[in-house]
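The sequence shown begins at 4 in the working numbering and counts up one residue at a time.
Ideal Cβ placement from N, Cα and C applies to all residues, glycine included.
Quantities reported herein were computed from a predicted structural model and do not represent experimental measurements.
Structure first, then comments.
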Amino acid sequence: MSKPDELLVDVAALVESEHSNQMSLTVVTAGAVLTGRLAPEAVWRQRVSEVLADSDDLRAFAAVFTAEPRQDGPPKYLHFHVARILQGSVGIPETGGMYRVAIKDVSAWSMGDFSYSDH
C-alpha cells in the first residue's frame, strides 16, 4: 500500500497503548500470509532480546533489541509473536515465530488468526 490503511494503524496503536498481546491478526504482505498475535513493540523487542541472549552464537545481537522503541507518531510496524507464515496446509514455524511487518507493506488483512491443518 502506498498509504497505510488507517484502520490497521488504529488497531496497532491500540495494541501499543493497551500493552495487550491478545489481538489476533492475519495479514498478506509480499504475497505471504502471516497469522498470529500482535504485541506491543517494547514487549516484542524484549522477547526477541531474550531469545538472542540465550544463544551462544547470537548473544551479541540481543542488545540491539533492548533500545527503547521510538514513539514519533502512529505505529509504522506490526509486531507479531506466536506467528506463522501459512504455506499450503502448514504453518512455518510450527511453534510460532516473532515477525515485524511494515504496515505500509500490508496488502490485505483480517481480524483473527487462521489455523492450519497437517491432514
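To the nearest whole angstrom, what separates the beta carbons of residue i and residue j, a pair I think is in contact under 8 Å?
i, j, result
"P1", "A45", "Nothing can be reported for residue 1: it is not among the residues displayed for the chain, which extend from 4 to 122."
Rounded to a whole number of angstroms, what is the C-alpha to C-alpha distance between residue i and residue j?
i, j, result
"G76", "A33", "25 Å"
"I106", "A70", "21 Å"
"F83", "L28", "9 Å"
"S23", "G115", "15 Å"
"V18", "Q25", "9 Å"
"R48", "A111", "25 Å"
"A63", "S20", "30 Å"
"G94", "M101", "13 Å"
Take residue i and list the residues in its own chain whose beta-carbon comes closer than 6 Å to its own, dropping the five residues that flank it on each side.
i, result
"D121", "Unreliable placement is indicated for D121, whose pLDDT of 49 sits below 50; the coordinate value is still reported in the next sentence. Excluding residues within five positions, none has a Cβ falling inside 6 Å."
Just verifying my parser: in three-state terms, what is the DSSP assignment at residue i?
i, result
"A16", "helix"
"M4", "Its pLDDT being 47, under 50, M4 is placed unreliably by the model, and the measurement read from it follows with that caveat. M4 falls in the coil class under three-state DSSP."
"Q49", "helix"
Quick check on residue i - is its C-beta less than 9 Å from some C-beta in chain D?
i, result
"L81", "The question asks about chain D, but that chain is absent: this structure has only one protein chain."
How about residue i and residue j: are their beta carbons less than 9 Å apart?
i, j, result
"V109", "L11", "yes"
"Y80", "R50", "no"
"S52", "A35", "no"
With a threshold of 8 Å on Cβ separation, who are the neighbours of residue i within its own chain once the five nearest residues in sequence on each side are excluded?
i, result
"A15", "L41, P77, P78, Y80, L81 and I106"
Can you list, in chain order, the residues of its chain with a C-beta nearer than 7 Å to that of residue i? Leave out the 5 residues immediately preceding and following it.
i, result
"L61", "L55"
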